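Here the structure is laid out as structure tokens; the discussion comes afterwards.
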Amino acid sequence: MTRFPARTALLALSALSLSMHLAAQDAPLLLAAATEPAVSSSNGPELQNGPTPQTATSPQPATNKLPSGFLGSPIATGTVKRTYPVSISFLSRNRADALNYYDDGVYTSTYPYVEHLLRIAIAQKVGKFDWQAELAENTVFDVPTTAVDPVAARGQLFLGGTYYASNGPLNTTPSAASFKQGWLRYHGKGPDTTLRLGRFEFFEGQETTPKDPTLLWLQTNRVAQRLVGNFGFSNGQRSFDGIDGHYGKGTWDITAMAGRAIQGVFNMNSNPELNVDIQYLAYTRRQFKDRLIFRVFGLDYHDARTGLTKTDNRTAAARALDHRNIRIGSYGADLLGTLPTGPGAFDGLFWGVVQNGQWGVQNQHSGAYAVEGGYRFTKVASKPWIRGGAFRSTGDNNNTDDQHNTFFAVLPTPRVYARFPFYNSINSKDQFIQIMDSPSKRWDLRSDMHFLQLTSSTDFLYNGGGAYDNKVFGVTGRTANGHNSLASIFDISSDYAVTPSLSLNTYYAHSYGRTVISALYAGKQANYGYLELIYKFGIKQRAAKAVK
């Protein structure tokens, strides 16, 4: 069934026009600031507290600082410079999505919807302390009401169906205001010693900021958020109530974090806590003049939402009887490096993790790894880059024993690694090629080709990014029906900085479904794309100072 109502088009055009109007008003002021590369929300909005993945050829460092834009009129000689006792940041993201999913035959698999996200924060630094408070307003317009198939094997027909299922019946415009972040941080001796308490976003794998732009991109886009992230592509996103700290000096860093997950992601109400908590410890070190980075880490996950039915390959009756907690330990390491050679540099990456613990009444034993490499022509003006690699995670081959061997992705940001996110990293094999180029300093292009399989044909095709509501498990599963071959995906994205404050991003993907898809749906092909505008500005904290 096809539904592209005029209302959706009008909403999309209105949102995009508003962002361009705001940018035009502020352009004379913001162009005075240093030119910034395109802001990409392919994995989440770039906001002041915490790094999110950037575009391939214009990486930005991980930072906890506010955006660098300034507002205010020129300072006249002999006057007093304007005072800003606090920093203020503003981000508006408007995205018009269009989907032509695998044909369900009865329920809606072709539809548009519009997402709007607004984040406003104030922050201040006083002596050895700084603090931040941030509010978010999230809305999704024209969510389809018939994109959830009651047959569990097909279920929610992509993200429009998920938004509808997560925000109450007959709610086609879910919207809510949320207390996104609020924290106090102490700075010890040196810039690498901090302790933070409150509500914040957390990005595992981005504990340091490499100076090499290639390593920075690899760390941000190919290592970080595989297990814990803010799920920035979704409209509700994810925060934690807890404490985190850094201790390091120069080339090394120790990061520790303990937190309780907050509701959000596909539920627009990102205020309540979930009965889910994590503890994390990592040691990161840079070597050989910052051309090599390695990290070892441990992550403990506890899910006490015992009233929910777990998603795994056991029979429905067996899962319904399992009301035990989930307690899983993940222990891993990653290594990434670059080697300058000829007109560019080779890059290589390894990431791996093993897991044990309890999956309810079952014993957990699982793992995953990724191996990647590429070559970037750094001496060519547009810095073209070609990469390839493989990922594999374990699946479960026996649904009647007391062992759960399916890799568990914990609380990741799935779209960092699945840009057409109808699948995730659970029970997954992914072989891919990436091509990236930057025709100008403001424009980044990227194209991926993925060849996907399921590790175990007796397990599920999994989707989702982990717990986001106390009423649903957070990961869905569709039976593989004895098949392994999932799909081939070809996509392309463009991120363009119209001004330092306004970015225009586009994305398109086409998927060819294989035997797993043909056994589930009437159609074997799917298309997904969006047009997105991100508008942002910031005012830095500034004390009064006389100008002579």
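For the sequence shown, the positions run -23 to -1, 1 to 525 when mature numbering (1 follows the signal peptide of the UniProt record, and there is no 0) is used. Every residue gets a Cβ at the ideal spot worked out from N, C-alpha and C, and that includes glycine. All of these numbers come straight from a predicted model, not from anything done at the bench.
Do residue i and residue j have their C-beta atoms closer together than 8 Å?
i, j, result
"L313", "L193", "no"
"L161", "L147", "no"
"G334", "R304", "yes"
"I466", "A486", "yes"
"Q202", "Q158", "no"
"A238", "G222", "no"
"S433", "S402", "no"
"G454", "F437", "yes"
"H93", "T122", "no"
"T261", "T185", "yes"
"V338", "D299", "yes"
"V380", "V63", "Reading off the sequence, residue 380 comes out as Gln, not Val. No, these two residues do not count as a Cβ contact at 8 Å."
"Y498", "Y90", "no"
"Y489", "Q502", "yes"
"F384", "Q332", "yes"
"R263", "T228", "yes"
Going by CA-CA distance only, name the one from the options that's closest to residue i.
i, options, result
"N404", "I410, Y439, R392", "Y439"
"F156", "S480, N374, I97", "I97"
"A345", "V387, G325, P249, F354", "V387"
"F67", "F106, A113, V357, Y88", "A113"
"residue 539", "H342, L195, T383", "With the chain represented from -23 up to 525, any question about residue 539 goes unanswered, as that position is not in the structure."
"V449", "I220, T85, N244, A75", "N244"
"G182", "N382, G321, E250, T390", "T390"
"Q411", "R419, S417, R396", "R396"
"G309", "D378, W362, G227, S343", "S343"
"R268", "Q240, V242, D324", "D324"
"N419", "F384, T286, L479, L134", "The residue asked about is misnamed: residue 419 is Arg in this sequence, not Asn. Comparing Cα-Cα distances from R419 to each of F384, T286, L479, L134, the minimum goes to L479."
"residue 540", "N482, R176, T292, R301", "In the structure as shown, the chain begins at -23 and stops at 525. Residue 540 is therefore absent and cannot be evaluated."
"Y224", "M413, L258, Y352", "L258"
"L136", "A153, A322, L76", "L76"
"V200", "R131, D468, E349", "E349"
"Y352", "T292, M413, Y484", "M413"
"G459", "N447, T150, R491", "R491"
"S143", "D378, V242, G442", "V242"
"D119", "L95, T149, Y141", "T149"
"S211", "A294, G236, P398, K406", "P398"
"L422", "F384, S470, Y400, A457", "S470"
"V357", "A322, S495, N382, Q341", "A322"
"G236", "N252, G227, N246, K226", "N252"
"D280", "Y61, T476, I494, A444", "A444"
"D230", "N248, S417, Q240, P187", "P187"
Which term fits residue i, buried or exposed, when burial requires 16 or more other beta carbons within 10 angstroms of its beta carbon?
i, result
"G284", "exposed"
"Y473", "buried"
"A520", "exposed"
"F265", "exposed"
"V330", "buried"
"A100", "buried"
"V128", "exposed"
"L481", "buried"
"F208", "buried"
"L510", "buried"
"G441", "buried"
"G165", "exposed"
"Y505", "buried"
"K287", "buried"
Given this structure, state the Cα-to-Cα distance separating residue i from residue j, to the nearest angstrom.
i, j, result
"G306", "D189", "32 Å"
"T318", "S462", "37 Å"
"N376", "L431", "16 Å"
"D107", "T171", "10 Å"
"K513", "V393", "22 Å"
"K105", "G167", "11 Å"
"F271", "L326", "10 Å"
"D126", "G82", "10 Å"
"T85", "A124", "5 Å"
"P320", "I363", "14 Å"
"P361", "S415", "7 Å"
"Q133", "L508", "23 Å"
"P151", "Q256", "32 Å"
"T456", "W336", "19 Å"
When the cut-off is 8 Å and only beta carbons count, does residue i lie next to chain B?
i, result
"R203", "As a matter of chain content, chain B is missing from the structure shown, which is built from one protein chain."
- Message: I want to know whether the stretch 423 to 441 touches the stretch 214 to 229 - three or more CB-CB distances under 8 Å.
- Response: No: the two stretches stay apart, fewer than three of their Cβ pairs being nearer than 8 Å.
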